[in-house]
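A.B. asks: In my numbering, each residue's number is its place in the sequence shown (first place is 1) plus 144. Below you'll find the structure I mean.
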Amino acid sequence: MTRKVKNIVKFTAFLLVGIAFFLLGHFTTIHHSLTGTYGSGTPDARSIYVVLDADDRFTIYDQNAVRASGHCEAVAQDEDVYALVDDAGGKVGYVVQEGEQIFLLGFDDTEQLLEKISDDALYKKFDAGI
């Protein structure tokens with residue numbers, strides 16, 4: 145083989161290996177949906193639940209009442225960090241997604257690790273006092 149043919153074969157092999165690594169990395173990356181309901185574990189009076197729905201709305205509630213609601217905003221250039229903003233425009237806290245878990249940061253000046261308990265938005269019905 146001539147030198148030119150050898151260089152073309154080397155370049156083609158290098159290109160094919162690069163494409164294979166790209167495809168392997170692309171298709172093995174698992175994306176977890178943020179949408180769903182997250183809870184702090186066993187239900188008790190202190191348990192917090194966070195519902196993140198498909199239209200970028202959130203609700204935080206405990207066993208007694210809705211504690212906060214509003215919308216989620218992705219923090220600049222990071223798709224796994226979201227600011228929670230109430231309907232009046234005030235910051236409620238932040239959510240950091242880590243697989244099937246979220247960290248709820250800054251809500252009531254606490255940090256909580258919450259596990260995904262459902263892919264659906266689950267809400268508790270609260271007694272209206274009627």
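For each residue, glycine too, the CB sits at the ideal point set by N, CA and C.
Taking Cβ positions, are Gln256 and Leu178 nearer each other than 8 Å?
C.D. replies: In this structure, Leu178 does not lie closer than 8 Å to Gln256 by Cβ.
A.B. asks: Which runs of the alpha helix (DSSP H), 4 residues or longer, sit entirely within the segment 210 to 247?
C.D. replies: Entirely contained in the segment 210 to 247, not one alpha helix (DSSP H) run reaches 4 residues.
A.B. asks: Tell me whether Ile152 sits in a helix, a strand or coil according to DSSP, three-state version.
C.D. replies: Helix, per DSSP.
A.B. asks: Taking the continuous beta strand (DSSP E) assigned at Ile204, which residues delimit it?
C.D. replies: Start and end: 201 to 205.
A.B. asks: Going by DSSP, what residue range makes up the beta strand (DSSP E) through Ser262?
C.D. replies: It spans 255 to 262 - the beta strand (DSSP E) in which Ser262 sits, taken as one unbroken run.
A.B. asks: Taking 7 Å as the limit between beta carbons, can you name the residues of its chain near Leu249, skipping five residues before and five after?
C.D. replies: Only Gly237, Tyr238, Val240, Glu255 meet the Cβ criterion.
A.B. asks: When you compare only the Cα positions, how much space is there between Lys150 and Ala157?
C.D. replies: Roughly 11 Å separates the two Cα atoms.
A.B. asks: If you follow the beta strand (DSSP E) that Thr179 is in, where does it begin and where does it stop?
C.D. replies: Segment: none, Thr179 is in no beta strand (DSSP E) and carries neither H nor E.
A.B. asks: For the beta strand (DSSP E) holding Tyr193, just list the boundary residues, first then last.
C.D. replies: Counting along the chain, the beta strand (DSSP E) containing Tyr193 begins and ends at 193 to 196.
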